[in-house]
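Residue numbers (the working numbering): -11 to 1007.
Cβ atoms here follow ideal geometry from the backbone N, Cα and C, with glycine treated the same way.
Here's the structure we're looking at; comments come further down.
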């Protein structure tokens, strides 16, 4: 009993002490009040968080006042959009806070070519993305371009429909008619490379030089814009190990609906009726081919599109280690990617590495090395999605394909022009392997006798190798003559054929940069002088062999070409090289952080152009005025405003080497009974061939409102490209068909708008939105300068759909006016048409439909593009989604493409079994698809549709683990898991395959959508 009393006493004493402690602590918590202001006045909506007490937070009212409970020693955090975050230790009950503008964003460094600049000092149109801060750029992707889509106004990025493919890329429209319109890629300061070679997880920032003044520092190569990629570096810390992995499943965005056997039987009956058959002749044993009827009786119905497509996995693994201190900075990574395509046989894998190191040798000297390489494998033959849409559903699958001809008879009329869609995957051995290695190094010296003066020398060396091979086994059906592969034309191979091709390339680049950057009171000057030299070399060998007739000679395939028939072997070799050099001078001047002047001059030389035309001069100038730094514009609404004006000249050297030389071809002729080889001049030389040149103006503004809660930029540009590199036709009397020449002129103008808003920002929830809008218009101002009919107007090039005064991408065709119906008696008699035929408009009303009735009915280019991105963060969860809208229509009928479908008589063998639509019959009078046996001169009629669409481009949900929890593991420092989707939903009126690729059903490989799961872990 005594023991129990002692225990109870002790408990009561403990509880009493605890209550006293709590009471004392409660008495220490007090009401802290104050006002939050900036240099203009009170700030409403400032977030205030007591970091010592979870759940204790508040916001300032409309007058900037706040009130929060806190104890002495607690830490209050004050944060607001566009302002620097402050933390204050509580030591009194009234705390007033002055927040300063956050200049970190304006001080952010961007690459401008042969140097860097801060955003606040830019005078040109430069778009930048810091990948670790961009939810879209950090999504799982095979090619970096895919994740940039919609993030950069004016940058058009297309889709790819094959594994490992490069999406199309275009900046501010099409400057050239026939030369390349691809932007220049610069990686870590060195020109060259491709996006397919880059590992997206290695990229730190991307800067796009859109206007001519910014890109002019790259002169001759910058007419189509410049994309500068900077890879990651180590961060000052102990070694940092990171693992990034994801796994995804790809499937088609829009799968065509194939005719099943029942619908196909009815289709063949309708064909027979339209051809005059009746009664017994309409039995399936008569209207189906023997092999089709045999399959029908056996119940062998095949959806060929299902046979050639698949759900395709993709997986990626990235491991990196990085770190830095005051002496050394390093980053090393290894990556492996494996991607299957949604077409059977389509596959791609890549292994790559990156190793970077910067060393501060002395206070005034730094050296660096950057090594990277990749091995890419595209080997394997794809099944044909196009062919799959033309085969009867009544057919046979065959496991060997060799020596099997029965499947040819599933084509109406026994037509063999298409081949089995899976034939290539079984009967061809294919090799396509590409290796690439890059080595870069630099030495930078800060010259001590003049403050701000530095000299840097950069060098790079690239090695590339491409190995190709293809072996066609016996009984492979050859559709067309392929002279380069020495194949028999249009028949089954009696004996095997093959070829092998090796291409090796190397290039080196060396530049020296002298830079002076110094501030004198209110003046800041940045001077750059650069000289650069580059040389490229390529050589290769191409061997072919035919008629592997001996048993066992095909085992090694393209690796045993010497086993082909002795008189059917051939070898071809080649070698090509080019060189270029450049000199650059640039000045950037800033006064009082508000008045900016920039100018540059570059002189380029390129060996591919003709003597006397190898050199070009490219200059630029730009002005900018930061009005928000002026005292008369200080207010609480406008937080930042800058106006920019620029002009620049750039070039395009996109011609093949030796285009200015006459070329020699190899031919053969019969001399007596001998087959004699000969040489002849195959092309003419153009001794005046020179650069395409583009000059452009840009007017832009950057702005921030409400303490940068809303920021954005607006750009307008106008450019003219002259001396277009085009093939000019030659009269037949010359003995040649064409010659490359500098002719013509194209103009472009456009508008770009980018907006970013912080919609909500509280302690636990944030919502940000980005909107991009852009449009481009262009016009052909001149072509060949020929006026053949002497009417004072320059001739158009109708064959290429190039029309003076009109946009590129013009659609020149007949105007579709529906389908001739049974009661269209007048039209039938006037134009000799039948019900079910395609109806065209007789534009010149001459009573006949001919080439004179063609006109420009629209354009293939979009009207405008809008991209909307939203990021919603709640505690550790983040939801991101992006919506893409490519608009068509307008008075000029933009973004159209032919999506015509025609059922033709079964003797042609092109009966389309995939069309599960209502074609015209007397009972079902369609007004879009003609009758099943429609075959006129214009049977490939133009049924043009808009490709406009709205698409859920990206969506992702991620969870970031609390660092405090991870610390307890003593292993992980950061961890995030995510699930994402790409191209999951599409809304469009286009009835073909994917509207963005513009494929008609059966018009090539379908585009795909992807669902991925992944994690990012740091140790």
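Item, Value
"Please identify the residue among 815, 509, 798 and 800 whose C-alpha is closest to the C-alpha of residue 806.", "815"
"Measuring alpha carbon to alpha carbon, tell me which of 506, 981, 535 and 942 ends up nearest residue 934.", "981"
"Is the beta carbon of residue 488 closer than 8 Å to that of residue 527?", "no"
"Put residue 102 into one of helix, strand or coil per three-state DSSP.", "coil"
"Could you tell me which residues DSSP puts in a beta bridge with residue 518?", "501 and 572"
"Need the endpoints of the beta strand (DSSP E) that residue 375 sits in, please.", "Per DSSP, residue 375 belongs to no beta strand (DSSP E); it is in the alpha helix (DSSP H), 373 to 376."
"Considering only the beta carbon of each residue, do residue 110 and residue 296 sit closer than 8 Å?", "no"
"Are the Cβ atoms of residue 171 and residue 135 separated by less than 8 Å?", "no"
"What does DSSP give as the partner residues of residue 487 in its beta bridges?", "458 and 532"
"Secondary structure at residue 640, three-state DSSP: helix, strand or coil?", "strand"
"Nearest to residue 879 by CA position, among 854, 863 and 846, is which residue?", "846"
"Within this structure, are the beta carbons of residue 236 and residue 999 separated by less than 8 Å?", "yes"
"Note down, in chain order, each residue of its chain lying with its Cβ closer than 8 Å to the Cβ of residue 438, except the 5 sequence neighbours on either side.", "504"
"Determine the contact status of residue 52 and residue 81, defining contact as a CB-CB distance below 8 Å.", "no"
"Does residue 955 pass the burial test, meaning 16 or more other C-beta atoms within 10 Å, or should it be called exposed?", "exposed"
"Determine the extent of the beta strand (DSSP E) in which residue 255 is found, giving its start and end residues.", "Run containing residue 255: none in the beta strand (DSSP E); it sits in the alpha helix (DSSP H), 249 to 262."
"If you count every other CB in all the chains shown that lies within 10 Å of the CB of residue 38, and 16 or more means buried, which is it?", "buried"
"Hey, could you find the ends of the alpha helix (DSSP H) residue 285 is sitting in?", "278 to 286"
"Per DSSP, residue 45 forms a beta bridge with which residues?", "37"
"Kindly indicate which three-state DSSP category residue 439 falls into: helix, strand or coil?", "coil"
"Would residue 776 and residue 783 be called neighbours here (beta carbons separated by less than 8 Å)?", "yes"
"Are the beta-carbon atoms belonging to residue 142 and residue 117 less than 8 Å from one another?", "no"
"Taking one C-beta from the stretch 261 to 277 and one from the stretch 340 to 351 each time, how about it: are there three or more such pairs within less than 8 Å?", "no"
"So, at 6 Å on beta carbons, what are the nonlocal neighbours of residue 759 in its own chain, with the 5 sequence-adjacent residues on each side left out?", "743 and 856"
"How is residue 140 classed by DSSP in three states: helix, strand or coil?", "coil"
"Which class does residue 978 belong to by DSSP, given the choice of helix, strand or coil?", "coil"
"What residues in its chain sit with their C-beta under 7 Å from that of residue 676, if we drop five residues either side in the sequence?", "598 and 601"
"Bridge partners of residue 958, per DSSP?", "None, per the DSSP bridge assignment."
"Which of the three DSSP states, helix, strand or coil, is assigned to residue 274?", "helix"
"Would you mind stating whether residue 674 and residue 729 have Cβ atoms separated by less than 8 Å?", "yes"
"Below 8 Å, how does it come out for the stretch 309 to 328 and the stretch 411 to 430: are there three or more Cβ pairs, yes or no?", "no"
"Touch check for the stretch 427 to 443 and the stretch 353 to 360: three-plus C-beta pairs under 8 Å?", "yes"
"Distance cutoff 8 Å, beta carbons only. Does residue 870 sit that close to anything in chain B?", "Among the protein chains of the structure shown there is no chain B, as only one such chain exists."
"Inspect the beta-carbon positions of residue 102 and residue 205 and report whether they are closer than 8 Å.", "yes"
"Going by alpha carbons, who is nearest to residue 321 out of 265, 333 and 308?", "308"
"Going by alpha carbons, who is nearest to residue 554 out of 532, 65 and 546?", "532"
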